[in-house]
Amino acid sequence: MVKISDKAEQTLKQVNPVNELLNVTEGVISFAGGLPSSELVNHHNYVEILNRACLHANQSIFQYGQIEGDRELRGLISEWVGRYGINTSDSEVMITSGGTQAIELMTEFLIDPGDYIFVDQYSFVSAIEIFKSYKAKLIPVESDEDGIIIESLEEKLKKYHPKFLYIVTNYNNPTGYSLSKDRRKKIVNIMNEFDITIIEDDPYIELNYDAPFIKPIKSSGHPNVIYLSSFSKIISPGLRVGYIIAQEEIIRKVMKLKENKDVHTSNLSQFVVREILKDQFETYLDTVRRQYKAKREIMQHYLDLYLHTNVEYRSPKGGMFLWVLLKEEINVTELLNFTLKRGVTFIPGSVFCPEYNEGSGNYIRLNFTNPNPAQIKTGIERIGDCIKNMQDSFVTI
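Position in the sequence shown (first residue = 1) + 269 = this note's numbering.
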């Protein structure tokens, strides 16, 4: 019988509830995934782009490429992030196969079993799973609508010395909240005092609807900040193109880890992203923001109409999600079982906590960017019906 490794055994035991619900697709209205709009994904003329790829000089796209990624694309990214206040060069950029690979590469680079990682009280579930697979000890830091609470961070830093703090600074998944400008400045001071590294994950920065985004912590120029992002949320998740921005010395070392995993990110995917970035990309993003803002307003309207006495939420200023608090007597797991029977999925808030069902409150996460307006109306109405039926059963009992 084949004997598998302890790490593989541990990974197989971990069940990602988000992926389980994402697999429920046929005939279902899904508020579960962090998916862009299918209409916007199809906005770009991929046939024309792929035709250009086939005519590419010497067909180099279809050969092996640079481990660190296509140089022209890295140069375009280094220019693009200048608008975020990040001063970098192509030698400090590495292309990855999606944002999740960027997280795993930095975890493998920095973490030994038993090391501490600080995470937001509610954090990206795939990052949590990756950290656990490397046997890190996760320490949640309390947060509110302005992001991580500085006093909680300082208190925990006096007890633990983490390898890094992992944080989604703009429009956090799942809450949609952003770390405030004032707290970003304080975190930079804390980095100096406690000598900690920050993994800043920022895939939603361009999805701002009510106000300009706040510049990333990376814009401070602090060498202890490693910046991750992805084109999955603003172009296409299927292309699997993300990136890391860090000191050149770090990039050179992480390149070896990348080489051992997949040699390099798909040249064809990099070519597609590169061509889109060069083709009125800012105009396209304006279209994305308008459509997503409208969908957010539609979902909030139907939440107020069908669930108004049973939920509380804050309108997120950007991102893809509404973070909705249900009344205490409504069991989220039971509600999900009912809504699945009605053809509607969502993600329970508990899965975004380092330890499931601890400190999660009675939250659910709803994606508003992928479903169309009719699906949003029908889906929220069905959730409301399920809650009413549950409450009626309480009265009967």
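We put the CB at the ideal spot given by N, CA and C, even for glycine.
Answer yes or no: do residue i and residue j have a C-beta to C-beta separation smaller than 7 Å?
i: P420; j: Y446; result: Going by the sequence as given, residue 420 is Glu instead of Pro. In this structure, Y446 does not lie closer than 7 Å to E420 by Cβ.
i: D374; j: V388; result: A small fix is needed here, since residue 374 is Leu in this sequence, not Asp. Not closer than 7 Å, so no.
i: A301; j: F540; result: no
i: Y571; j: I649; result: yes
i: Y403; j: F621; result: no
i: T444; j: W349; result: no
i: Y353; j: S488; result: yes
i: R583; j: R611; result: no
i: N639; j: L309; result: no
i: P623; j: I397; result: yes
i: S299; j: T614; result: yes
i: I330; j: L508; result: no
i: K454; j: I380; result: no
i: I645; j: M568; result: yes
Can you give me the start and stop residues for the alpha helix (DSSP H) that residue i sits inside?
i: F387; result: First-last for F387: 385 to 389, but that is the beta strand (DSSP E), not the alpha helix (DSSP H).
i: D548; result: No alpha helix (DSSP H) holds D548; DSSP gives it neither H nor E.
i: F378; result: 368 to 379
i: Y473; result: Neither: Y473 is in no alpha helix (DSSP H) and is coded neither H nor E.
i: V271; result: Here V271 belongs to no alpha helix (DSSP H), and DSSP marks it neither H nor E.
i: N600; result: From DSSP, N600 is part of no alpha helix (DSSP H); its letter is neither H nor E.
i: F463; result: 450 to 463
Could you give the DSSP three-state label for residue i: helix, strand or coil?
i: Y512; result: strand
i: R558; result: helix
i: E627; result: Bear in mind that a pLDDT of 46 at E627, under 50, signals an unreliable position, so the number given afterwards is only what the model happens to contain. If DSSP states are grouped into helix, strand and coil, E627 belongs with coil.
i: Y440; result: coil
i: D413; result: strand
i: G354; result: coil
i: P382; result: coil
i: T614; result: strand
i: S499; result: strand
i: Y575; result: helix
i: S392; result: coil
i: S299; result: strand
i: T638; result: coil
i: N581; result: Sequence inspection shows Glu at residue 581; the Asn mentioned does not correspond to that position. Strand, per DSSP.
i: G587; result: strand
i: Y478; result: coil
i: Y315; result: helix
i: I504; result: coil
i: L342; result: helix
i: L304; result: coil
i: L324; result: coil
i: K406; result: strand
i: V532; result: coil
i: T336; result: In the sequence under discussion, the amino acid at residue 336 is Ile, which differs from the Thr named in the question. In the structure shown, I336 sits in coil (DSSP, three-state: anything other than H, G, I, E or B).
i: V494; result: strand
i: I483; result: coil
i: I649; result: helix
i: I418; result: coil
Here's a check: name, in chain order, each residue in its chain whose Cβ is nearer than 8 Å to the Cβ of residue i, leaving out the five neighbours to either side.
i: I248; result: With the chain covering only 270 through 666, there is no way to say anything about residue 248.
i: V601; result: L595, P617, G618, S619, N631, Y632, I633
i: G368; result: D470, P472, L497, S498, S499, S501, G511
i: N477; result: N439, Y440, R558, K586, G587
i: G416; result: D389, I436, T438, N441, Y446, S447, L448, S449, R452
i: Q335; result: H533
If you follow the beta strand (DSSP E) that residue i is part of, which residue opens it and which one closes it?
i: E469; result: 466 to 470
Cutting at 7 Å between CB atoms, please list the residues of its own chain near residue i, excluding the five before and the five after it.
i: I399; result: I372, E373, T376
i: Y429; result: Y385, I408
i: L554; result: E475, I503
i: K562; result: Y478
i: K450; result: I483
i: E597; result: N631
i: E627; result: A caution first: E627 carries a pLDDT of 46, below 50, which makes its placement in the model too unreliable to give a value.
i: E544; result: I318, R321
i: G653; result: Y575, L576
i: T357; result: S347, V350, I514
Give me, in chain order, the residues of the same chain whose beta-carbon lies closer than 6 Å to that of residue i; leave out the 5 immediate sequence neighbours on both sides.
i: R565; result: F637
i: L426; result: F463
i: R343; result: D359, V362
i: L422; result: V410
Checking the sheet assignment: what are the DSSP bridge partners for residue i?
i: Y435; result: V388, I468
i: L595; result: V580
i: M568; result: Answer is none; M568 lacks a bridge partner.
i: M363; result: I513
i: I633; result: V593, P617
Can you tell me whether residue i sits near the ligand SAM, meaning its C-beta is under 6 Å from at least one heavy atom of the ligand?
i: R634; result: Here there are no bound small molecules, and the ligand SAM is not part of this structure.
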